[in-house]
Amino acid sequence: MTHPAHTGTHPAPRTSGAGSLFGVPLGDLGWFGSLLIGVASGFLAFFASTFCAIVVILVWNTALHSNIDFADSYRFVGLPIGSVVMACALGYLGALWIKRVLRKS
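Sequence positions in the sequence shown follow this note's numbering and run 20 to 124.
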């Protein structure tokens with residue numbers, strides 16, 4: 020049995036754009052893609068932080084026999100964190116998009 024010959028062809032690294040994050044080429048996104056990724060990251064941060072806050076409130080209420088309202092996790096944790104992450108992501112991706120548009124013109 021013979022082993023297949025390696026031809027030595029390796030994909031060339033991408034040099035255009037501003038890099039990639041988890042395979043998403045951030046520098047090559049259009050305005051709609053930037054908007055979509057920015058809003059999606061805000062929603063992801065909102066739901067992840069709300070879940071963590073609910074678990075913390077559940078443990079806190081169980082351990083200390085207190086009565087913290089679970090709606091506080093949405094109001095005081097999820098909404099501020101989701102809003103900040105969305106604003107930062109939209110600002111960063113918008114700046115990349117504007118820089119790319121100005122570079123092409």
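For glycine and all other residues, C-beta sits at the position ideal for the given N, C-alpha and C.
Run of the alpha helix (DSSP H) containing residue i, from where it starts to where it stops
| i | result |
| --- | --- |
| S53 | 50-83 |
| Y93 | Element bounds for Y93: n/a, residue is neither H nor E. |
| I87 | It is not in any alpha helix (DSSP H) - I87 carries neither H nor E in the DSSP assignment. |
| G113 | 98-123 |
Cβ-Cβ separation, residue j to residue i (assumed contact under 8 Å), whole Å
| i | j | result |
| --- | --- | --- |
| G97 | T69 | 3 Å |
| I87 | N80 | 6 Å |
Residue i burial status per 10 Å Cβ neighbour count (16 or more: buried)
| i | result |
| --- | --- |
| F95 | exposed |
| V104 | buried |
| W50 | exposed |
| F65 | buried |
| H108 | The sequence shown places Ala at residue 108, not His. Label assigned to A108: buried. |
Residue i and residue j closer than 8 Å at C-beta
| i | j | result |
| --- | --- | --- |
| A53 | G101 | The amino acid at residue 53 is misidentified as Ala; the sequence shows Ser. No; because the gap between Cβ atoms is not below 8 Å, this pair is not in contact. |
Other residues of its chain near residue i: CB distance less than 7 Å, five sequence neighbours each side excluded
| i | result |
| --- | --- |
| S92 | T69, A72, I73, I76 |
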